[in-house]
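Read the structure below first, then the notes.
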Amino acid sequence: MKSLTEYLVFNTANRREFINITSQIEELVGESGVKEGLCLVNAMHITASVFINDDEKGLHHDFETWLEKFAPHEPVSNYRHNLTGEDNADAHLKRTIMGREVVVAITAGKLDFGPWEQIFYGEFDGRRRKRVLVKIIGE
Amino acid sequence: MKSLTEYLVFNTANRREFINITSQIEELVGESGVKEGLCLVNAMHITASVFINDDEKGLHHDFETWLEKFAPHEPVSNYRHNLTGEDNADAHLKRTIMGREVVVAITAGKLDFGPWEQIFYGEFDGRRRKRVLVKIIGE
Amino acid sequence: MKSLTEYLVFNTANRREFINITSQIEELVGESGVKEGLCLVNAMHITASVFINDDEKGLHHDFETWLEKFAPHEPVSNYRHNLTGEDNADAHLKRTIMGREVVVAITAGKLDFGPWEQIFYGEFDGRRRKRVLVKIIGE
Chain Y
1 MKSLTEYLVF NTANRREFIN ITSQIEELVG ESGVKEGLCL VNAMHITASV FINDDEKGLH
61 HDFETWLEKF APHEPVSNYR HNLTGEDNAD AHLKRTIMGR EVVVAITAGK LDFGPWEQIF
121 YGEFDGRRRK RVLVKIIGE
Chain L
140 MKSLTEYLVF NTANRREFIN ITSQIEELVG ESGVKEGLCL VNAMHITASV FINDDEKGLH
200 HDFETWLEKF APHEPVSNYR HNLTGEDNAD AHLKRTIMGR EVVVAITAGK LDFGPWEQIF
260 YGEFDGRRRK RVLVKIIGE
Chain E
279 MKSLTEYLVF NTANRREFIN ITSQIEELVG ESGVKEGLCL VNAMHITASV FINDDEKGLH
339 HDFETWLEKF APHEPVSNYR HNLTGEDNAD AHLKRTIMGR EVVVAITAGK LDFGPWEQIF
399 YGEFDGRRRK RVLVKIIGE
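Below you can see the structure in the form of structure tokens.
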């Protein structure tokens, strides 16, 4: 069994951002030498997501509006978590909807993707250094 | 390490449907010869889901009503994504709640399931050909 | 390839509870002897979750309030699933938001976690015996 472990680092300019990381993951799959296996990609922070969807700006705007509706950032006093001095309770909820991780098949040495699948890092409490873990196993 | 890769094809009569695919996945686990391992099942399209829940018609009706409440199909003009000419922005959001993928344990050559766990394909923008990926690895 | 399969049993005093199971999973990773691999942890019941987030009481209160808002337990007659004689349709929906499973990387014989990641069992229809599956594969 082969394996590869890598950590991607993000430090976004904005509180919330979606970043397409597909090409970075594809490169790591190539490096790993794995032809048949699984690739786990997960946020290592609990106010961020890794998810798969379309790379379309309008859709990302819809996600942003929708998440803000169901887990609004303000008023921050609406959340008991924010009594700890944080203001990011909404980010914990948003990340829960979008998901912590994806598991992607590797077939014939490549990410085995449908026509529109792209991997995104979803930041909901940015402007500081955060990491994503990539773990590849297979043969 | 053994592995198996298979693609299931769906073309639903309706825009939205839930289809129980458990027996198809069980068959593939048998074919794979894997006794101990993992089975990934994921939608390859970004307006569809694979999820695990109960095979109970009333519950499926509740899911449908609930998803429509939180991500209504209409008015389609409510979504910026639909400016691209699509009318399926709601399907991207519904799939996000229901999930892209499941990872299931294989133990002693079978899906290691609780008493009510069943695997479903969740279609939110059907009436066209779409695929599900099954990837099994183990020994 | 090495593998380990274990079943954790829960029988909560309350209908809804969040239980930190991180140390139990860490012990099983140690027992497995796996140095590089993947660890799947999933609820085996369809009204319970396994998820990763912060071990902070205020946040757990926020999750509880938020889930109850989007999938209220009462009136139970609001859900067609409850016509079966069950009163747990809300628990199926809550578990869908929180997720069935997590897949965690094992690196150098340990759960490869960010600073605040903790694994929780999320019960939404407790007061009876329910199980969580832990499957570890790797080398």
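Which chain is which? The protein sequence lines are Y, L and E, in order.
Going by the numbering used here, the first sequence opens with residue 1, and the numbers climb by one from there.
Going by the numbering used here, the second sequence opens with residue 140, and the numbers climb by one from there.
Going by the numbering used here, the third sequence opens with residue 279, and the numbers climb by one from there.
All residues carry an ideal CB built from backbone N, CA and C; glycine is no exception.
Predicted model only: the values in this text are computed from it and were never measured.
Nearest CB-CB separation between Y/A105 and chain L: below the 8 Å threshold. E/S327 sits away from E/L282, with the two beta carbons spaced by 8 Å or more. Sorting E/L337, E/D365 and E/E342 by C-alpha distance to the C-alpha of Y/A91 places E/L337 at the top.
When beta bridges are read from the DSSP output, E/A383 appears opposite E/L316. Per the Cβ contact rule, the region 227–245 of chain L is in contact with the region 174–190 of chain L (3 or more Cβ pairs under 8 Å). Per DSSP, the beta-bridge partners of E/T283 are E/K413. The count of Cβ pairs closer than 8 Å, one atom from the region 110–118 of chain Y and one from the region 23–30 of chain Y, reaches three, so the stretches are in contact. Within its own chain, the residues whose Cβ lies closer than 7 Å to the Cβ of Y/A105, once the five positions on either side in sequence are excluded, are L38 and D112, listed in chain order.
Against chain Y, the beta carbon of L/S142 has neighbours under 8 Å at E36, G37, G138 and E139, listed in chain order. The beta carbon of Y/A89 falls within 8 Å of a beta carbon belonging to chain E, placing the residue at that interface. By the neighbour-count definition (other C-beta atoms within 10 Å, threshold 16), E/R407 is an exposed residue. Taking C-alpha positions only, E/W394 is separated from E/I299 by approximately 14 Å. In the DSSP assignment, E/A367 falls outside any beta strand (DSSP E) and lies within the alpha helix (DSSP H) extending over A367 to M376.
When DSSP assignments are scanned along the region 332–369 of chain E, the uninterrupted stretches of alpha helix (DSSP H) that are 4 or more residues long and fall wholly within it turn out to be 335–348. Among the residues of chain E, those whose CB is under 7 Å from the CB of L/L198 are H359, A367 and H370, following chain order.
Beta-bridge analysis with DSSP links L/I158 to L/Y260.
In the displayed model, E/I324 falls within coil according to three-state DSSP, outside both helix and strand.
Excluding five sequence positions before and after Y/K135, the CB atoms of its chain that fall closer than 6 Å to its own CB belong to T5 and L40, given in chain order. Residue-level contact check: Y/V41 does not touch chain L, since none of the beta carbons of chain L fall below 8 Å from its beta carbon. Distances from the CA of E/V354 to each of L/D201, L/L206 and L/L272 were compared; the closest alpha carbon is that of L/D201. Going by beta carbons, E/H359 and L/G253 fall outside the 8 Å limit.
The criterion of a C-beta distance shorter than 8 Å is not satisfied by L/T223 and Y/I97.
Contacts with chain Y at 8 Å (Cβ-Cβ) include L/I185.
Scanning chain Y for C-beta atoms nearer than 8 Å to the C-beta of E/G311 yields nothing, as the closest lies near 13 Å away.
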